[in-house]
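Sequence lines, in order, name chains E and Z.
For the first sequence, our numbering begins at 1 and goes up steadily by one.
For the second sequence, our numbering begins at 1001 and goes up steadily by one.
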Amino acid sequence: MAELLLKKQWTRHTYLADQEVGGKKAGRAAGGWVSDLAAQKKVITLCQHCTHKFNPARVNYRKEKEFPVCQAKCDGCSTFDPYCSLYIADDLYTQVRSTAEERRALARSRETRIKQGFL
Amino acid sequence: MQYLGAFSGNSPVIKRYKASATGYVPGIIMAASVAGASGQMSTSTTTAVTDTIGILLDNGNLQGASVLYSTTQGSEEAVFGVIVNPDAIIRAQMVTGATGTAVTAETVTTAASNGLTITATGAANFTSPEKDEGTVWYTSGANVGKSRKITSTAATVITVIVPFAANAVGDTFLSSGAAIGLRFVTTTTDLLKLRTDAINTSGAALAVIDLELNGTADSYAHLTYQDCVWNYTT
């Protein structure tokens, strides 16, 4: 079946809405928007309905597990949700987050070094 | 700096705010922009974190290059993620100097059998910057891993009230102006680390709530905001 492709008719209102930052642009597919965020290594927050559609390992992201949820605007559906999942670019993760696992390893190392007589 | 958690145990609250300038790096503490600034947040400085809004999580790298703040028409607006919990606990590595090298290790030059004084070489100078009310901890010798609050200083001598075990010439130790409950710190030029060689009576309004006293390259302080824009602001 033939499909008519028409140029979008922008009103001033929709144009201004499209220029507004801090979220997905009007009419933009969520997947493409989230991919763009991932390319920029920006923090990504996705609500319970959207999070399963994102594969963090594929774009070198790490899901925050110490805090199972965060309160943020979902990058998929642009809705504030107090139960979002938080994803941080893998190479930025240790720069902005300290995990119990890392601190536990440091405590074990400290204990070993003290037994050896130096810190 | 790293986000460690919050006093309340709440989940992180994440917002995206507009940058006011270039040079933002993940992990720095952001402050609310002053009136007339182009964006919503600005960086703190080494000695000031007035009107803190939170800790930066990203800087919009695009395939290796930062998305720059720009005032050019048509350019992408620089909008970055921030954890804005006012009761956040921030973890910062303790270092020496403005560029953030390892904490300077000192060596005991005169043994003290009573464990109340620690004497180092003349180069140490514990009074400039003043380390009184700070923290001292041993990294080798009989007191390895032990720490005390500093109660007075002289140029080459640190004094404590709660005695260590007797020390010996050659024992090594570290010291910092930071201590639990003190409300001011100084950060490195990149705003990511905490200087141990800085006075603790003025500077950036971040209070020390805990210390991880390890070696020269892996000691940390836990900090909390003293001047947060989401609370009462001075």
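Positions of the beta carbon are idealized from the N, C-alpha and C atoms, including for glycine.
No experiment lies behind these values; they were computed from the predicted model shown.
- At least one CB of chain E lies nearer than 7 Å to the CB of residue 1014 of chain Z.
- Contact between the stretch 1032-1046 of chain Z and the stretch 95-111 of chain E is absent: fewer than 3 CB-CB pairs across the two stretches fall below 8 Å.
- Chain E has a Cβ within less than 7 Å of the Cβ of residue 1214 of chain Z.
- Taking residue 70 of chain E as the centre and dropping the five residues before and after it, the same chain places the C-beta of 45, 64, 84, 85 and 86 closer than 8 Å to its C-beta, in chain order.
- Secondary structure at residue 73 of chain E: strand, using DSSP grouped into helix, strand and coil.
- Under the three-state reduction of DSSP output, residue 1037 of chain Z falls in the coil class, being neither helix nor strand.
- Inclusion of residue 1117 of chain Z and residue 1140 of chain Z in the CB contact set at 7 Å is not warranted, their separation being larger than that value.
- In the DSSP secondary-structure assignment, residue 1130 of chain Z is bridged to Z:1127.
- Looking only at Z:1044, Z:1193, Z:1026 and Z:1060, the smallest Cα-Cα distance to residue 1034 of chain Z is reached by Z:1044.
- Selection Z:1047, Z:1096, Z:1113 and Z:1111 evaluated against residue 1105 of chain Z yields Z:1096 as nearest (Cα-Cα).
- Of all C-beta pairs linking the stretch 1115-1134 of chain Z to the stretch 1195-1206 of chain Z, three or more are shorter than 8 Å, placing the two stretches in contact.
- Annotation: residue 1203 of chain Z is outside any alpha helix (DSSP H) and is labelled neither H nor E by DSSP.
- Note that the C-beta distance between residue 1168 of chain Z and residue 1047 of chain Z is not below 7 Å.
- Straight through space, the alpha carbons of residue 1192 of chain Z and residue 1226 of chain Z are spaced by roughly 17 Å.
- Contact check for residue 1156 of chain Z and residue 1119 of chain Z: beta-carbon distance about 6 Å, within the 8 Å limit, so the pair qualifies.
- For the pair residue 1018 of chain Z and residue 1179 of chain Z, the Cα-to-Cα distance works out to about 34 Å.
- A check of alpha carbon separations from residue 1090 of chain Z across Z:1222, Z:1210, Z:1231 and Z:1228 identifies Z:1222 as the nearest.
- Looking at the backbone, the Cα of residue 49 of chain E and that of residue 56 of chain E are separated by about 16 Å.
- Per DSSP, residue 86 of chain E is not a residue of any alpha helix (DSSP H); the beta strand (DSSP E) it occupies stretches across 80-89.
- Interface flag for residue 119 of chain E against chain Z is set, since a Cβ pair is found closer than 7 Å.
- One alpha carbon belongs to residue 1136 of chain Z, the other to residue 1162 of chain Z, and they sit about 12 Å apart.
- Among the CB atoms of chain Z, one or more fall inside 7 Å of the CB of residue 98 of chain E.
- Looking at the DSSP output, residue 1222 of chain Z sits in a beta bridge with Z:1091 and Z:1210.
- Chain-ordered, the chain Z residues with CB closer than 7 Å to the CB of residue 43 of chain E read 1014, 1057, 1058 and 1081.
- Judged by beta-carbon spacing, residue 1229 of chain Z lies within the 7 Å limit of residue 1032 of chain Z, meaning their Cβ atoms are closer than that value.
- Taking a beta-carbon distance threshold of 7 Å, residue 50 of chain E does not count as an interface residue toward chain Z.
- Residue 1015 of chain Z sits buried, since 16 or more C-beta atoms from the chains shown fall within 10 Å of its C-beta.
- With respect to the 7 Å criterion, residue 1208 of chain Z and residue 1182 of chain Z are classified as neighbours on the basis of their beta carbons.
- Taken atom to atom, the span from the alpha-carbon of residue 1114 of chain Z to that of residue 1151 of chain Z is near 15 Å.
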